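J.: Position 427 of the sequence shown, counting from 1, maps to 427 under the UniProt record's numbering, and the rest follow consecutively. Let me give you the structure first, and then I'll get to my questions.
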Amino acid sequence: MKSGNNKLHQQMHQASVSQPEQFWADAAQALTWDKPWDRVLDESNMPLYAWFAGGELNTCYNAVDRHVEAGRGAQVAIQYVSPVTETEYGISYNELQAQVSRLAGYMDSIGVKKGDRVIIYMPMVPETAYAMLACARIGAIHSVVFGGFAGNELASRIDDAKPKLILSASCGIEPSGVVAYKPLLDDAIAQSSHKVEQCIILNRSQLQAELTPNRDVDWQNAVADAPDIGCLSVAATDPLYILYTSGTTGQPKGVVRDNGGHGVALAWSMKHIYGIDAGDAFWAASDVGWVVGHSYIVYGPLLVGATTLMFEGKPVGTPDPGIFWRTIAKYQVKSFFTAPTAIRAIKRDDPDGDFLKDVDLSCLNTLFLAGERCDPDTLHWAEERLNKPVIDHWWQTETGWPVAANLMGTAPVEVKAGSPALSVPGYQVEVVDEMGDKVEANISGNVVIKLPLPPGTLTTLWQNEQRYLESYLSMYPGYYLSGDAGYMDDDGYLYIMSRIDDIINVAGHRLSTGRFEEVLCQHNAVAEVAVIGVEDKLKGQVPLGLVVLKKGVTLSDEALYKELISLVREHIGPVASFRLVSAVQKLPKTRSGKILRGTMRKIADNQEYKVPATIEDPQTLELVRNALTRMGYADALLVK
């Protein structure tokens, strides 16, 4: 895909960095404000800063009530699709307002007030969105914890957030079966030192949970007689939510998002990046427990009056690799957002795109990919099968919305496979060396963003400002450290190659694991790849590859090995020292689709490691261990 809009993108970006206050004041007109701001950008306390200081609004009002007041209450707000329970229904903006206002009314009646924290530990059901919006309605701060997290992980978040209330459900539904949440919740509360006063439990028909006396109340009973309650005006700088992301110390980091900047940035991104306006259907195939779910299942689409799809299922196996395409066609989805790992799973099970052949996708404008780096082979496969623009874009839990992207709504530019394109207006992205000096084009380094970050990004870590400063702002003063490594080409296109920790040093040569993966994915038999750096006495580190093969591949192990080694030698060269590669049935991943490269590296190097709470299938670690052992690694597995 080519386009002549590079100049328009550059003009928008220049306006955002040369006159940020004017740029974001204009963007803020998309929301309804109860009180105008005193200053668009307050830099009086740098490196800490604030957007829309003095302004007041309510996020729930902007996402729900104002659309009803505008006469669009009958439009579907949330389209729920659950192939695992064979349930589908739409919730109008009128119904959404009624559900949210009653739940908020109940929460207010039991003493949940502005600034109180509420933990939401729930599956992919509409009630999870109701809970988030109900908190926003009364100024409570929600913290969604991915449903099914182990008790100790939930306990650590309870102790950090100190919630007044927890909303949960009896169970979640996975392809493997029903996952009971209530025992996990009870275990977490028993482990935590902070004691929660009340829990609201949504009992699902697939599993009824027994309520704990004097603590638990049934969701339906709670809201049945609850009063409707209006929206409380809060400061733009007040926290909307806390979202915990894994920390290197084992103590989760609570990313804090504000109300004003968050709403402005998401509304801007829906139009300019995703090309979505009021009445359009948008689908982000993620989970509400992750940042994508916060930004682009719940808040982003609703803020602009779109219809958002909430999907309880998987790209394959619920029931087949065509479920995404049929759902898009059925609900006339205009823009679809998923992770590269989902496309790779579909490609593995349906390499020729047979499940696409009888599906009319004329409604679909664009497929967006994010969550981890998209290798060019996966991008090209999707382009060829869908005959649609496939747009990789890059952002993080901390940023809350895209940092580098193709502005498909207003200024689409040429797609370059392997790149999430250009810096989004508001973000001043640079690539620097270890000393903080800017590197030349096409030279790898650490990806940083000049302060202040635009609206919608993290404002601090919950009750730990010092950790916020040390984790993100101290290494390069005046810049935010992304933790990712990559480079920019001569046209300013960004290439994210790996986490900084995934740069490997082979006999003094700094090589990116992402580059190895890019090359290995070119092989016709390969569906998915992970490359890690493992210890080597002579060279310091050497690359080790694990590949998942497409279904139906009949290549021998020996032939595959020789062809993959040859491929890397041809594209990267002998300096790569690439001699370690093996096929595995599955790669270990988080539930959001990120490959657990760090955990695999620890297994290979015989280091102690902890099975991540976010892992989707713990058995995959055993598959990896067996493969590593065959290659002479992981001979003394230590599990903590």
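For each residue, glycine too, the CB sits at the ideal point set by N, CA and C. As the structure is a computational prediction, the values presented were derived from the model and not from experiment.
Give me the Cα-Cα distance between residue 538 and residue 595, rounded to the nearest whole angstrom.
T.: Rounded to whole angstroms, residue 538 to residue 595 spans 28 Å at the Cα level.
J.: Specify, as a first and last residue, the run of the alpha helix (DSSP H) that residue 18 falls within.
T.: Note, residue 18: alpha helix (DSSP H), 6-18.
J.: Verify whether the separation of the beta carbon atoms of residue 404 and residue 394 is less than 8 Å.
T.: Yes, these two residues count as a Cβ contact at 8 Å.
J.: One question on the structure: do residue 231 and residue 65 come within less than 8 Å of each other, judged by their Cβ atoms?
T.: Taking 8 Å as the Cβ cut-off, residue 231 and residue 65 qualify as a contacting pair.
J.: Can you tell me whether residue 262 is buried or exposed, with buried defined as 16 or more other CB within 10 angstroms of its CB?
T.: Label assigned to residue 262: buried.
J.: Alpha carbon to alpha carbon, how far is residue 375 from residue 338?
T.: The alpha-carbon atoms of residue 375 and residue 338 are separated by roughly 14 Å.
J.: Since residue 175 and residue 312 are thought to touch, with beta carbons under 8 Å apart, how far apart are those beta carbons, to the nearest angstrom?
T.: Going by Cβ atoms, the distance from residue 175 to residue 312 rounds to 11 Å, so no, they are not a contact pair.
J.: With H, G and I counted as helix, E and B as strand and the rest as coil, what does DSSP make of residue 567?
T.: Residue state, collapsed to three classes: helix.
J.: According to DSSP, residue 583 sits in a beta bridge with which residue or residues?
T.: Answer is 547, bridged to residue 583.
J.: For residue 547, tell me which candidate among 444, 345, 53 has the shortest Cα-Cα distance.
T.: Answer by Cα proximity: 345.
J.: Are residue 392 and residue 379 close, meaning C-beta to C-beta below 8 Å?
T.: Against a cut-off of 8 Å, the Cβ pair of residue 379 and residue 392 comes out as a contact.
J.: Only counting the same chain, and skipping five residues up and downstream in sequence, which positions put a Cβ closer than 6 Å to that of residue 516?
T.: Here the set comprises 531, 543.
J.: What is the rounded straight-line gap between the Cα of residue 100 and the Cα of residue 319?
T.: Distance between the alpha carbons of residue 100 and residue 319 is about 32 Å.
J.: Thinking C-alpha only, which one of 478, 494, 605 is nearest residue 541?
T.: Closest option to residue 541, Cα to Cα, is 605.
J.: Going by beta carbon distance, what residues of the same chain come within less than 7 Å of residue 496, once the five residues before and after it are set aside?
T.: Excluding positions up to five away in sequence, the list reads 373, 394, 420, 447, 484, 486.
J.: Under 8 Å, with one C-beta from each stretch per pair, do the segment 33-41 and the segment 54-61 reach the 3-pair mark?
T.: They touch, by the three-pair rule.
J.: When burial is assigned at 16 or more other CB atoms within 10 Å of the CB, is residue 44 buried or exposed?
T.: With fewer than 16 Cβ atoms within 10 Å of its Cβ, residue 44 is classed as exposed.
J.: Taking the beta carbon of residue 115 as the centre, do at least 16 other beta carbons fall within 10 Å, making it buried, or is it exposed?
T.: The residue is exposed, with fewer than 16 neighbouring Cβ atoms inside 10 Å.
J.: To the nearest angstrom, how far is it from the Cα of residue 260 to the Cα of residue 190?
T.: Cα-Cα distance, rounded: 36 Å.
J.: So, helix, strand or coil for residue 138, using DSSP?
T.: Three-state result, residue 138: helix.
J.: Taking 7 Å as the limit between beta carbons, can you name the residues of its chain near residue 519, skipping five residues before and five after?
T.: Contacts found: 567, 568, 571, 572.
J.: Measuring straight from C-alpha to C-alpha, what distance separates residue 623 and residue 348?
T.: Answer to the nearest angstrom: the Cα atoms are 18 Å apart.
J.: So residue 522 and residue 377 are supposed to be a Cβ contact under 8 Å. How far apart are they, rounded?
T.: With 8 Å as the limit, residue 522 and residue 377 qualify as a contact, their Cβ atoms being about 6 Å apart.
J.: Going by beta carbon distance, what residues of the same chain come within less than 7 Å of residue 104, once the five residues before and after it are set aside?
T.: Excluding positions up to five away in sequence, the list reads 134, 137, 138, 229.
J.: Give the DSSP-derived three-state secondary structure of residue 528 in the structure shown.
T.: In the structure shown, residue 528 sits in a strand (DSSP, three-state: E or B).
J.: Alpha helix (DSSP H) containing residue 219: first to last residue?
T.: Per DSSP, residue 219 belongs to the alpha helix (DSSP H) from 219-224.
J.: If residue 494 and residue 444 are in contact, beta carbons under 8 Å, what's the gap, nearest whole angstrom?
T.: Not quite, the Cβ-Cβ distance comes to about 12 Å (not below 8 Å), so this is no contact.
J.: Suppose the cutoff is 6 Å on Cβ atoms and the five residues either side in sequence are ignored; what does the same chain contact list for residue 47 look like?
T.: So the list reads 451, 473, once near-sequence residues are dropped.
J.: According to DSSP, is residue 357 part of a helix, a strand, or is it coil?
T.: If DSSP states are grouped into helix, strand and coil, residue 357 belongs with coil.
J.: Taking the CB atoms as reference points, tell me whether residue 274 and residue 426 lie closer together than 8 Å.
T.: Contact flag unset, no.
J.: Per the DSSP calculation, residue 533 is bridged to which residue(s)?
T.: The partner list for residue 533 (beta bridge, DSSP) reads 543.
J.: With a cut-off of 8 Å, does the C-beta of residue 22 fall near any C-beta of chain D?
T.: You won't find chain D in this structure, because it holds only one protein chain.
J.: Does the segment 215-229 touch the segment 17-32, meaning 3 or more C-beta pairs lie closer than 8 Å?
T.: Short answer: they don't touch.
J.: Entirely within the segment 160-203 and at least 3 residues each: give me those beta strand (DSSP E) ranges in chain order.
T.: Listed in chain order, the complete beta strand (DSSP E) runs (minimum 3 residues) inside the segment 160-203 are 165-169, 171-174, 177-180, 198-202.
J.: Tell me the rounded alpha-carbon separation between residue 63 and residue 302.
T.: About 5 Å.
J.: Out of 326, 363, 351, 355, which one is the CA nearest neighbour of residue 333?
T.: Residue 363 is the option with its Cα nearest to residue 333.
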